[in-house]
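Below: the structure, in structure tokens.
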Amino acid sequence: MDYQRILLSGPTIDGEPGLPAALVGLSDDSLADLAASVDPCPADYDGVGYWLIQEADQTPAGKVVVGSRVELVGGQPKWIEDLEDAPPPSEADVDAERDRRISAGFSFAGVIYQSRPGDRENIMGAGTAALGAMMQGALPGNLRWHGGDTDFAWIAADNSLNPMDAQTVYAFGLAAMAHKTAHIFAARAIKDANPVPADFADNIYWP
């Protein structure tokens with residue numbers, strides 16, 4: 000919380016925002032008129048109050064804050080922000096949002112799985128191994144298709160273990176690929192809009 004020194008005779012703003020250390024702990028009511036609440040009142044605080052500064056209005060879409068100051072609005076101190084038009088988003092901005100969404104996870108069979116670059120590499124490797132096992136006769140329901148002595152399972156984003164036969168792992172790999180591909184094409188469509196929409200990061204533009 001920020002406070003502004005106020006000359007009560009106006010009222011008018013006096014100086015920069017901030018609360019002296021000696022006044023920390025006083026209630027807002029006490030700070031509002033120090034002479035009425037502090038006894039004895041130091042001369043420097045006579046006719047002075049420290050008022051809580053109201054938050055600035057929400058920054059409109061398409062604008063950026065380039066500065067701020069405190070003004071009295073309706074008799075109360077309030078942060079006023081200086082705004083400029085935001086620079087138009089670039090194709091690099093779209094690519095960054097695409098990559099963030101690709102790596103944010105995807106749903107398969109009602110379960111969320113991680114999809115960071117290393118995760119996708121592991122999924123593709125498992126899918127290739129599963130395809131090979133299927134070609135060698137691995138049947139649905141066989142959870143040891145990988146040749147190990149334990150059932151094959153994949154760890155979901157919530158840390159749960161989900162057993163998968165070869166057919167499921169292969170479909171899992173296809174789902175991971177579809178997740179990435181869908182976001183690549185969505186990003187391409189956004190960039191083709193020219194100019195890129197200012198709200199390109201909204202979910203409406205993405206799978």
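Residues in the sequence shown are numbered consecutively from 0, following numbering that gives the first Met the number 0. Quick reminder that beta carbons are idealized off the backbone N, C-alpha and C, glycines included.
Residue j beta carbon less than 8 Å from that of residue i
i: I183; j: R99; result: no
i: A152; j: N161; result: yes
i: A34; j: Y44; result: yes
i: G172; j: I122; result: yes
i: A165; j: N141; result: yes
i: V65; j: E83; result: yes
i: P10; j: G74; result: yes
Length of the line joining the Cα atoms of residue i and residue j
i: A55; j: I79; result: 6 Å
i: D150; j: M163; result: 8 Å
i: E15; j: A91; result: 39 Å
i: M128; j: W144; result: A small fix is needed here, since residue 128 is Ala in this sequence, not Met. So the alpha carbons of these two residues sit roughly 9 Å apart.
i: K62; j: P87; result: 10 Å
i: Q53; j: S67; result: 13 Å
i: K125; j: R187; result: The question names Lys, but residue 125 in the sequence shown is Ala. Taking the straight line joining both Cα atoms gives about 29 Å.
i: A21; j: S8; result: 23 Å
Opposing strand residues paired with residue i [DSSP bridges]
i: L71; result: P76
i: N161; result: W153
i: D81; result: G66
Same chain only: Cβ atoms within 7 Å of residue i, ignoring 5 sequence neighbours per side
i: M0; result: L51
i: A156; result: G104, I111, Y112, Q113
i: L6; result: D13, G46, V47
i: I154; result: L160
Closest residue to residue i among the options (Cα-Cα distance)
i: N202; options: G74, I189, P76; result: I189
i: S159; options: Q113, A128, A20, Y204; result: Q113
i: D191; options: S89, M134, E120, M123; result: S89
i: D81; options: P59, Q135, F105; result: P59
i: R119; options: P10, T180, G109, A200; result: T180
i: S106; options: Q3, A170, G131; result: A170
i: A197; options: A85, P19, D148, A42; result: A85
Neighbourhood of residue i by C-beta distance below 8 Å, restricted to the same chain and skipping five residues each side
i: A185; result: R97, Y204, W205, P206
Residue i at chain D interface by Cβ criterion, 8 Å
i: P19; result: Checking the listed chains, one finds no chain D in this structure; it contains a single protein chain.
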